[in-house]
Amino acid sequence: MIKALVGLGNPGPKYKDTKHNIGFKVIDEVAFKLHLKNPLEKYMSIVFHIKEQDIYLIKPQTFMNNSGIALRQFVEKTKIAPSDILVIYDDMDLPIGTIKMKPNGGSGGHNGVESIIRELRTQEFPRLRIGIGRPASKEEVTNYVLSPFEYKDTPIVKKTIEKASEYAIRSLEEPLEYVMTLCNTKSS
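Those letters in the sequence shown? Residues 1 to 188, per the working numbering, in order.
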């Protein structure tokens, strides 16, 4: 079972509703569902800690491209293995509304995941990937991920965040392989 959920995103109101911050949105939804309040600021992150179960919810505050710096600090202090940390992030290779889990792998071109791989010196950490779709052209990638979802996509995005938060919570309570099978076989 997972011991920490890490949602990737960028800090500050400017980025709050951007596609790149969907990992933060999932963490916020998990915290809401678990009735968690008053997060701490530690490990260069916003952190919720469920002491009874020793579970963490983390939103690194180092900006996306340096997410690994905060996560390395967390791992060094808590001694939680990377394989027990579920990283939640946006994925342009998946259509909007799609959710996929995988046990490990490369960065897929995601700078936040690349930072984590570099800082933790491993690719052996599970991921919950949330589809945000692709921009029309490659030149638009930065603007695309740093812009909000289109209004027409709002209902599917809300439903996707809700579903992703359910998988994240289940990963804290049930074997990851089981949750991964559920996630990857459902039509998300």
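Heads up, the beta-carbon is just placed ideally off N, CA and C, and yes, glycines get one too. In this text the structure is predicted, and so the values were computed from the model without any measurement.
N- and C-terminal bounds of the beta strand (DSSP E) containing residue i
i	result
residue 148	From DSSP, residue 148 is part of no beta strand (DSSP E); its letter is neither H nor E.
residue 45	45 to 50
residue 106	No beta strand (DSSP E) contains residue 106, which DSSP labels as neither H nor E.
residue 99	99 to 102
Paired residues, beta bridge with residue i - DSSP
i	result
residue 60	45
residue 89	129
residue 198	Here the chain has residues from 1 to 188 only, and residue 198 is not among them.
residue 40	47
residue 18	148
Best match in the options for proximity to residue i [C-alpha to C-alpha]
i	options	result
residue 126	133, 132, 33, 116	116
residue 96	160, 38, 166, 111	160
residue 145	124, 121, 92, 103	92
residue 41	22, 78, 33, 61	61
residue 102	183, 13, 5, 111	183
residue 199	106, 87, 20, 53	Since the first residue shown for the chain is 1 and the last is 188, residue 199 is missing from the structure and cannot be characterised.
residue 67	107, 141, 131, 32	107
Buried/exposed call for residue i, threshold 16 Cβ in 10 Å
i	result
residue 74	buried
residue 89	buried
residue 28	buried
residue 26	buried
residue 18	buried
residue 121	exposed
residue 32	exposed
Cα-Cα separation between residue i and residue j, rounded to whole angstroms
i	j	result
residue 190	residue 154	The structure shown has nothing for residue 190, since the chain only spans 1 to 188.
residue 170	residue 179	7 Å
residue 7	residue 136	26 Å
residue 50	residue 56	6 Å
residue 100	residue 94	8 Å
residue 85	residue 151	32 Å
residue 134	residue 148	13 Å
residue 119	residue 4	17 Å
residue 15	residue 176	30 Å
residue 157	residue 167	15 Å
Where the alpha helix (DSSP H) containing residue i begins and where it ends
i	result
residue 25	22 to 33
residue 169	154 to 173
residue 70	67 to 78
residue 122	Careful: residue 122 lies outside any alpha helix (DSSP H) and carries neither H nor E.
Check: residue i C-beta below 6 Å from any heavy atom of the ligand ZN
i	result
residue 26	This structure simply doesn't include the ligand ZN, nor any ligand for that matter.
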